[in-house]
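Sequence order for the protein chains is A and B. Taking full-length UniProt numbering, the leading residue of the first sequence gets 1, the next gets one more, and so forth. Taking full-length UniProt numbering, the leading residue of the second sequence gets 1, the next gets one more, and so forth. Where is the CB? At the ideal position from N, CA and C, for every residue including glycine. Predicted, not measured: the structure shown is a model, and the values here were computed from it.
2 protein chains.
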Amino acid sequence: MKKKSIKDIAQDLGVSKTTVSFVLNKKGDEKNISKKTQKVILDYIKEVGYQPNQIAKSLKNGTTNTIGYLVPDISNPFYAKIGRMIEDLLWEKGYHLLIGSTDEKKEKEELLINMFVNRQVDGLIIASCFIKGDVLKSLSRQNFPMVFFDREDPDFLANYILVENKNPMKEAIQKTIDKGAKRIGLLSITPDVYSLKLRIDGYKQALTDNALEYDENLLRIVDHNHIKESAQKELKYLIEAGVDVVVFTNNQITATAIWLMNMHYPEKVKEITFVSFDNLDIFDYSMPRVISIAQPIMSIARQSVDILEEVIKSKESKNTRIELKPKLIER
Amino acid sequence: MKKKSIKDIAQDLGVSKTTVSFVLNKKGDEKNISKKTQKVILDYIKEVGYQPNQIAKSLKNGTTNTIGYLVPDISNPFYAKIGRMIEDLLWEKGYHLLIGSTDEKKEKEELLINMFVNRQVDGLIIASCFIKGDVLKSLSRQNFPMVFFDREDPDFLANYILVENKNPMKEAIQKTIDKGAKRIGLLSITPDVYSLKLRIDGYKQALTDNALEYDENLLRIVDHNHIKESAQKELKYLIEAGVDVVVFTNNQITATAIWLMNMHYPEKVKEITFVSFDNLDIFDYSMPRVISIAQPIMSIARQSVDILEEVIKSKESKNTRIELKPKLIER
DNA sequence: CGGCTTTACTAAATCGGTTTACTAAATCGT
DNA sequence: ACGATTTAGTAAACCGATTTAGTAAAGCCG
Numbered sequence: 001m002k003k004k005s006i007k008d009i010a011q012d013l014g015v016s017k018t019t020v021s022f023v024l025n026k027k028g029d030e031k032n033i034s035k036k037t038q039k040v041i042l043d044y045i046k047e048v049g050y051q052p053n054q055i056a057k058s059l060k061n062g063t064t065n066t067i068g069y070l071v072p073d074i075s076n077p078f079y080a081k082i083g084r085m086i087e088d089l090l091w092e093k094g095y096h097l098l099i100g101s102t103d104e105k106k107e108k109e110e111l112l113i114n115m116f117v118n119r120q121v122d123g124l125i126i127a128s129c130f131i132k133g134d135v136l137k138s139l140s141r142q143n144f145p146m147v148f149f150d151r152e153d154p155d156f157l158a159n160y161i162l163v164e165n166k167n168p169m170k171e172a173i174q175k176t177i178d179k180g181a182k183r184i185g186l187l188s189i190t191p192d193v194y195s196l197k198l199r200i201d202g203y204k205q206a207l208t209d210n211a212l213e214y215d216e217n218l219l220r221i222v223d224h225n226h227i228k229e230s231a232q233k234e235l236k237y238l239i240e241a242g243v244d245v246v247v248f249t250n251n252q253i254t255a256t257a258i259w260l261m262n263m264h265y266p267e268k269v270k271e272i273t274f275v276s277f278d279n280l281d282i283f284d285y286s287m288p289r290v291i292s293i294a295q296p297i298m299s300i301a302r303q304s305v306d307i308l309e310e311v312i313k314s315k316e317s318k319n320t321r322i323e324l325k326p327k328l329i330e331r
Numbered sequence: 001m002k003k004k005s006i007k008d009i010a011q012d013l014g015v016s017k018t019t020v021s022f023v024l025n026k027k028g029d030e031k032n033i034s035k036k037t038q039k040v041i042l043d044y045i046k047e048v049g050y051q052p053n054q055i056a057k058s059l060k061n062g063t064t065n066t067i068g069y070l071v072p073d074i075s076n077p078f079y080a081k082i083g084r085m086i087e088d089l090l091w092e093k094g095y096h097l098l099i100g101s102t103d104e105k106k107e108k109e110e111l112l113i114n115m116f117v118n119r120q121v122d123g124l125i126i127a128s129c130f131i132k133g134d135v136l137k138s139l140s141r142q143n144f145p146m147v148f149f150d151r152e153d154p155d156f157l158a159n160y161i162l163v164e165n166k167n168p169m170k171e172a173i174q175k176t177i178d179k180g181a182k183r184i185g186l187l188s189i190t191p192d193v194y195s196l197k198l199r200i201d202g203y204k205q206a207l208t209d210n211a212l213e214y215d216e217n218l219l220r221i222v223d224h225n226h227i228k229e230s231a232q233k234e235l236k237y238l239i240e241a242g243v244d245v246v247v248f249t250n251n252q253i254t255a256t257a258i259w260l261m262n263m264h265y266p267e268k269v270k271e272i273t274f275v276s277f278d279n280l281d282i283f284d285y286s287m288p289r290v291i292s293i294a295q296p297i298m299s300i301a302r303q304s305v306d307i308l309e310e311v312i313k314s315k316e317s318k319n320t321r322i323e324l325k326p327k328l329i330e331r
């Protein structure tokens, strides 16, 4: 017993496809289909368990009710949580989520974007690692509904949902300086990304504001292809350089460092303070003590969905830039 | 400049749609399209940046190259990590992932399954909270490609990728008993799920094997709608009941309990040992000490994808049941 | 040079829906 | 009782691809 199509239903019942389609779409009354016929069709639909083929619908309507969610890594808690919230918010509006992880690779990102667009997603919510590429440029020119979050390219006009980077980073570090920190190191993944650059700017600013020497040897970059090994090497460097505070530019690198500290330098976990852009639940009790900058995950998700929906509905291009305030968690 | 379709290309070039389609699908030689015409078409394709509409393709071919990934919560690290691996494995085979979180709700799960099937996903990888429902039964009867993981219903024949539950749980608890544990409590979310029942069976078995009294007051169930509050209450109960070991049936509840312990009973974290089914990185250094049963996430993902692909390719129904061995991490 | 094969290509059907334009029959108003 | 309107429905085009069945022209053979 294979799947029935509208055509089958129509044939079985001796009516036309049109009639069936009207009834299915609740246009029966409007289109003057008699109550009797409507009932016959509806009853039969139920009986055979008819389910419409959304692909056919999509082809005709030109809309798939699917949104693409593109991030560097969907298993990173930050992106996973935002993804989950976006999923919920979109679910209420009848949308589904197609996901893709770019691994911070430009080529993969562009391939994914193209595939998603070819699959006719109605919009894209994306934490892009390479905004100024041709693919996104061309989509933007075609007015394709997109919302960028987490990462920005200041030379590229678009809808951005961002979080303030520089100041919060500066203020978080200030807290440690107020408590006596003298030698402050920083660990970051490759900062090709503008947001990360701003976070690092915040770090530099905090130092200069306090007339602390900015030693560029204390600014260590971790290779994101071998995070654990590379972070281990760089963390070792910082500890041997005698830092009392280490600053991190995202949760992934902080989590890795906490693990490394506990595995390799358990005797030092009480002497060092971490400052992390991004928060994780474990920071509430993990050692070293972590001062973190918690991004407003719920707002990011909500705003992304709202703006995207607006753009999809209006069919007009818009360039909204929303900068949300993160929350400092001192502990 | 709107998107060009095959028809537009054909018109622009004064050839037929058929010819263009053949060339696009590399059937030019086979179908006797002259090299010259092929080149003309390919050049023009490149020039205008033609991208095929996958929806139209899907409608015609009856396949979408999309797989549905359905889990209780995509932001749970266990499901997020498996999801990520599945995404990568499927990516190589040209598939994409449509995701859905069921929140352990039967209705939402069934709605999601139906929507995914209507969207013509080619298959489903699912950690179902309600396997024996009509929707899955009916899909199974229709031979729809599905792979179940993490959760099982012994009365329902299907493709399962599972992890041994009872014995590993028993053995993990045995370790604590060997070290002198006397009063062992358990915290679990509502175990409507067979796998969780088996884990609890392992707990009971460990106790009876060692002639320890099984006190059913020490088996506490947490309401999964209010995990934090409920876990707090139940954990308090166990601590006041003087347990020296607490067993957890999944990572989510363990993580919550670790947080609660550190927040509310920091003085006790050294006296109590946790046993957790599922592993998390933080267990490597968090307090209380955690003995965990690490599921082989990579294997689960790989097997799920392999079996699913096999089922999709073969078009025949299969009922494979693979039970993987988890790894005990003692610490 | 007439018939057969090969080359190079195309018209039209199809997938499963939606929608526009149309018609036949029934009902209404006067 | 006759034209106008309403009721109840249908045929066919369309969305953008794939694929089958076919054709016209050129090439080949004896």
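Next item on the list: Give, in chain order, every residue of the segment 281-306 of chain B whose Cβ lies closer than 9 angstroms to some Cβ of chain A.
Entry: D281, I282, D284, Y285, S286 and M287
Next item on the list: Please look up how many angstroms separate the CB atoms of A80/A and I74/A, rounded, as I've assumed it's under 8 angstroms.
Entry: In the first sequence, the residue the question calls residue 80/A occupies position 80. In the first sequence, the residue the question calls residue 74/A occupies position 74. So it is a contact: roughly 6 angstroms between Cβ atoms.
Margin query: I want to see whether chain B comes within less than 9 angstroms of D8/A, judged by CB atoms only; does it?
Written below: For the purposes of this step, residue 8/A is taken as the residue at position 8 of the first sequence. No, no contact with chain B.
Notebook entry, point to check: From the beta carbon of N262/A, is the nearest beta carbon of chain B less than 9 angstroms away?
Noted result: Along the first sequence, one-based indexing puts residue 262/A at 262. Closer than 9 angstroms: yes.
Checklist line | Residues bridged to L98/A [DSSP beta-bridge criterion] | finding: Numbered from its first residue, the first sequence carries residue 98/A at position 98. Its beta-bridge partners are G68/A and L98/B.
Check: Exposed or buried, N32/A, counting other C-beta atoms within 10 Å across all chains shown (16 or more means buried)?
Finding: As a first step, residue 32/A is located in the first sequence; it is residue number 32 there, counting from the start. So N32/A counts as exposed.
Margin query: For chain A, check one thing: does any of its Cβ atoms lie closer than 9 angstroms to the Cβ of S21/B?
Written below: Mapped onto the second sequence, residue 21/B falls at position 21. So, not an interface residue.
Next item on the list: Check whether the segment 153-171 of chain B touches the segment 193-211 of chain B, counting contact only when three or more Cβ pairs, one atom from each stretch, lie closer than 8 angstroms.
Entry: yes
Notebook entry, point to check: Do you know whose CA, among P288/B, E234/B and K228/B, lies nearest D244/B's CA?
Noted result: Indexing the second sequence from 1 puts residue 244/B at position 244. Of the listed residues, the one whose Cα sits closest to D244/B is P288/B.
Check: What does K327/B pair with, by DSSP beta-bridge criteria?
Finding: The residue labelled residue 327/B in the question sits at position 327 within the second sequence. According to DSSP, which records beta bridges pairwise, K327/B is partnered with A294/B.
Notebook entry, point to check: Which residues mark the beginning and the end of the beta strand (DSSP E) in which G123/B is found?
Noted result: Here residue 123/B corresponds to residue number 123 of the second sequence, with the count starting at 1. Per DSSP, G123/B belongs to the beta strand (DSSP E) from G123 to I126.
Next item on the list: Flag this pair as touching only if the segment 98-118 of chain B and the segment 315-330 of chain B have three or more C-beta atom pairs under 8 angstroms; answer yes or no.
Entry: no
Check: Shortest alpha-carbon distance to V246/B belongs to which of A294/B, F22/B, T176/B and I312/B?
Finding: Counting from 1 along the second sequence, the entry for residue 246/B is found at position 246. Comparing Cα-Cα distances from V246/B to each of A294/B, F22/B, T176/B and I312/B, the minimum goes to T176/B.
Next item on the list: Could you tell me which of R151/B, V147/B and Q142/B sits nearest to F130/B, measuring between CA atoms?
Entry: Here the question's residue 130/B lines up with position 130 in the second sequence. Comparing Cα positions, the closest option is R151/B.
Check: Helix, strand or coil: which one does DSSP assign to T273/B?
Finding: Counting from one through the second sequence, the residue named residue 273/B turns up at place 273. Of the three classes helix, strand and coil, the one that applies to T273/B here is strand, per DSSP.
Next item on the list: Going by CA-CA distance only, name the one from T66/B, L157/B and Q11/B that's closest to V121/A.
Entry: Indexing the first sequence from 1 puts residue 121/A at position 121. Taking only the C-alpha atoms, the option nearest V121/A is T66/B.
Check: Is any beta-carbon of chain B found at less than 9 angstroms from that of P154/A?
Finding: Position 154 of the first sequence, counting from 1, holds the residue named residue 154/A. Not closer than 9 angstroms to any Cβ of chain B, the Cβ of P154/A fails to qualify, so no.
Next item on the list: Ignore the nearest five residues each way along the sequence and tell me which others in V147/A's own chain have a CB closer than 7 angstroms to its CB.
Entry: The residue you call residue 147/A lines up with position 147 of the first sequence. The answer, listed in chain order, is I125, N159, I161, S304, I307 and L308.
Note to self: Can you confirm whether the segment 28-46 of chain A touches the segment 33-46 of chain B when touching is taken to mean that 3 or more C-beta pairs between the two stretches lie within less than 8 angstroms?
What the structure shows: no
Next item on the list: Look at I253/A and I189/A and say whether their C-beta atoms are less than 9 angstroms apart.
Entry: By 1-based counting over the first sequence, the position of residue 253/A is 253. By 1-based counting over the first sequence, the position of residue 189/A is 189. For I253/A and I189/A, yes; Cβs fall inside 9 angstroms.
Next item on the list: Please look up how many angstroms separate the CB atoms of I55/A and T64/B, rounded, as I've assumed it's under 8 angstroms.
Entry: By 1-based counting over the first sequence, the position of residue 55/A is 55. By 1-based counting over the second sequence, the position of residue 64/B is 64. Going by Cβ atoms, the distance from I55/A to T64/B rounds to 7 angstroms, so yes, they are a contact pair.
Note to self: Closest to K132/A by C-alpha separation, out of Y194/A, K60/A, G62/A and M298/A, would be which residue?
What the structure shows: Position 132 of the first sequence, counted from the first residue, corresponds to residue 132/A. Here the closest residue by C-alpha is Y194/A.
Next item on the list: Starting from the beta carbon of N167/A, find every residue of chain B whose beta carbon is closer than 9 angstroms, and list them in chain order.
Entry: Numbered from its first residue, the first sequence carries residue 167/A at position 167. Under the 9 angstroms cutoff, chain B gives no residues; its nearest Cβ is about 28 angstroms from N167/A.
Next item on the list: Use the C-beta contact count for P266/B: other C-beta atoms within 10 angstroms, 16 or more gives buried, fewer gives exposed.
Entry: Locating residue 266/B in the second sequence gives position 266, where the first residue counts as 1. P266/B should be labelled exposed.
Margin query: In the DSSP output, what is I33/B paired with across the bridge?
Written below: As a working mapping, residue 33/B is identified with position 33 in the second sequence. Paired residues: none, contrary to the question.
Margin query: V222/A and E234/A - do their beta-carbons sit closer together than 9 angstroms?
Written below: Position 234 of the first sequence, counted from the first residue, corresponds to residue 234/A. Position 222 of the first sequence, counted from the first residue, corresponds to residue 222/A. Their beta carbons are under 9 angstroms apart, which means E234/A touches V222/A by this criterion.
Note to self: Within 10 Å of its beta-carbon, does M298/A have 16 or more other beta-carbons around it, so buried, or fewer, so exposed?
What the structure shows: The residue you call residue 298/A lines up with position 298 of the first sequence. Exposed, since its Cβ has fewer than 16 Cβ neighbours within 10 Å.
Next item on the list: Look at L157/B and N319/B and say whether their C-beta atoms are less than 9 angstroms apart.
Entry: Numbered from 1 along the second sequence, position 157 holds the residue referred to as residue 157/B. Numbered from 1 along the second sequence, position 319 holds the residue referred to as residue 319/B. Yes, they are a contact pair.
Margin query: So P52/A contacts chain B; which residues on that side make the cut at Cβ distance below 8 angstroms?
Written below: Stepping through the first sequence from its first residue, residue 52/A is reached at position 52. Neighbours of P52/A on chain B, chain order: N118.
Note to self: Could you give the first and the last residue of the continuous alpha helix (DSSP H) run that contains I189/A?
What the structure shows: Position 189 of the first sequence holds residue 189/A. It is not in any alpha helix (DSSP H) - I189/A instead sits in the beta strand (DSSP E) that spans I184 to I189.
Item checked: Own chain partners of F277/B with C-beta closer than 7 angstroms, once the 5 adjacent residues on each side are dropped -> Position 277 of the second sequence, counting from 1, holds the residue named residue 277/B. Contacts found: M169, R199, F248, T249, N250 and I293.
Next item on the list: Could you pull the start and end residues of the beta strand (DSSP E) that Y160/A belongs to?
Entry: Here residue 160/A refers to the residue found at position 160 when the first sequence is read from its first residue. Where Y160/A is concerned, the enclosing beta strand (DSSP E) stretches over Y160 to V163.
Next item on the list: Would you grab the beta carbon distance between L280/A and A255/A for me? Rounded to a whole angstrom, and I think it's under 8 angstroms.
Entry: For the purposes of this step, residue 280/A is identified with residue 280 of the first sequence, where counting begins at 1. For the purposes of this step, residue 255/A is identified with residue 255 of the first sequence, where counting begins at 1. With a Cβ gap of about 6 angstroms, L280/A and A255/A count as contacting.
Check: For I322/B, which residues does DSSP report across the bridge?
Finding: Position 322 of the second sequence, counting from 1, holds the residue named residue 322/B. Partner(s): I161/B.
Item checked: Distance, N118/A Cα to N25/B Cα -> On the second sequence, position 25 is the one that residue 25/B refers to. On the first sequence, position 118 is the one that residue 118/A refers to. Their backbone Cα atoms lie some 16 angstroms apart in a straight line.
Notebook entry, point to check: List, in order along the chain, the chain B residues whose C-beta lies closer than 7 angstroms to that of L59/A?
Noted result: For this step, residue 59/A is matched to residue 59 along the first sequence. Near L59/A (Cβ distances below 7 angstroms), the residues of chain B are I55, A56 and L59.
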